[in-house]
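Colleague: Right, I'll just put the structure down here and ask away after.
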Amino acid sequence: GGRGCGRALRVLARGQRLPGEGPSGYSIDERRQLHQWQLWLFLEHAAEAQQHLLSESERRLCCDAMHDTRVRVSALQRSVSAALAAIRFGFEEEYVKPRTGHSLDLALPSS
Numbered sequence: 174g175g176r177g178c179g180r181a182l183r184v185l186a187r188g189q190r191l192p193g194e195g196p197s198g199y200s201i202d203e204r205r206q207l208h209q210w211q212l213w214l215f216l217e218h219a220a221e222a223q224q225h226l227l228s229e230s231e232r233r234l235c236c237d238a239m240h241d242t243r244v245r246v247s248a249l250q251r252s253v254s255a256a257l258a259a260i261r262f263g264f265e266e267e268y269v270k271p272r273t274g275h276s277l278d279l280a281l282p283s284s
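Sequential numbering from 174 applies to the sequence shown in this note's numbering.
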């Protein structure tokens, strides 16, 4: 990555804003990391998270990076998927959670 996501996380953790253009100047991988950190912060520390959250447009940019990720399904995942399908109908591979943008290898979305 170009500008260092670790540095960005340290800046945000101190309650400061990102310098310059913010996440738009970061690589896709760095934006994915920022998105994951923002989710962790929001879901695990909601009460004190507000001061560290990116703006709505910056969060959207980082979330979009998660959605744009190309998925690689391994032979092991295919094998596990086949075994689960033999036990129970309804598993979906690479299910994307609408709220977070995370892709789950296998999920029962109706559960």
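The beta carbon of each residue, even a glycine, is placed where N, CA and C say it ideally should be.
As the structure is a computational prediction, the values presented were derived from the model and not from experiment.
I need the straight-line Cα distance from leucine 207 to lysine 270, nearest angstrom please.
Modeller: So the two alpha carbons sit approximately 17 Å from each other.
Colleague: If you drop the 5 nearest sequence neighbours on each side, which residues of the same chain put their C-beta closer than 6 Å to that of threonine 273?
Modeller: Taking C-beta separations shorter than 6 Å and ignoring five residues to either side along the sequence, the partners of threonine 273 in its chain run Leu212, following chain order.
Colleague: With H, G and I counted as helix, E and B as strand and the rest as coil, what does DSSP make of valine 246?
Modeller: Secondary structure of valine 246 (DSSP, three-state): coil.
Colleague: In terms of DSSP beta bridges, what is valine 269 paired with?
Modeller: Ser276
Colleague: So, at 8 Å on beta carbons, what are the nonlocal neighbours of glycine 174 in its own chain, with the 5 sequence-adjacent residues on each side left out?
Modeller: In this prediction, glycine 174 scores a pLDDT of 42, lower than 50, which makes its location untrustworthy; no coordinate-derived value is stated.
Colleague: When you compare only the Cα positions, how much space is there between alanine 258 and serine 276?
Modeller: Looking at the two C-alpha atoms, the distance is approximately 19 Å.
Colleague: Measuring straight from C-alpha to C-alpha, what distance separates leucine 216 and glutamate 266?
Modeller: 24 Å
Colleague: Does proline 282 come out as helix, strand or coil in the three-state DSSP assignment?
Modeller: coil
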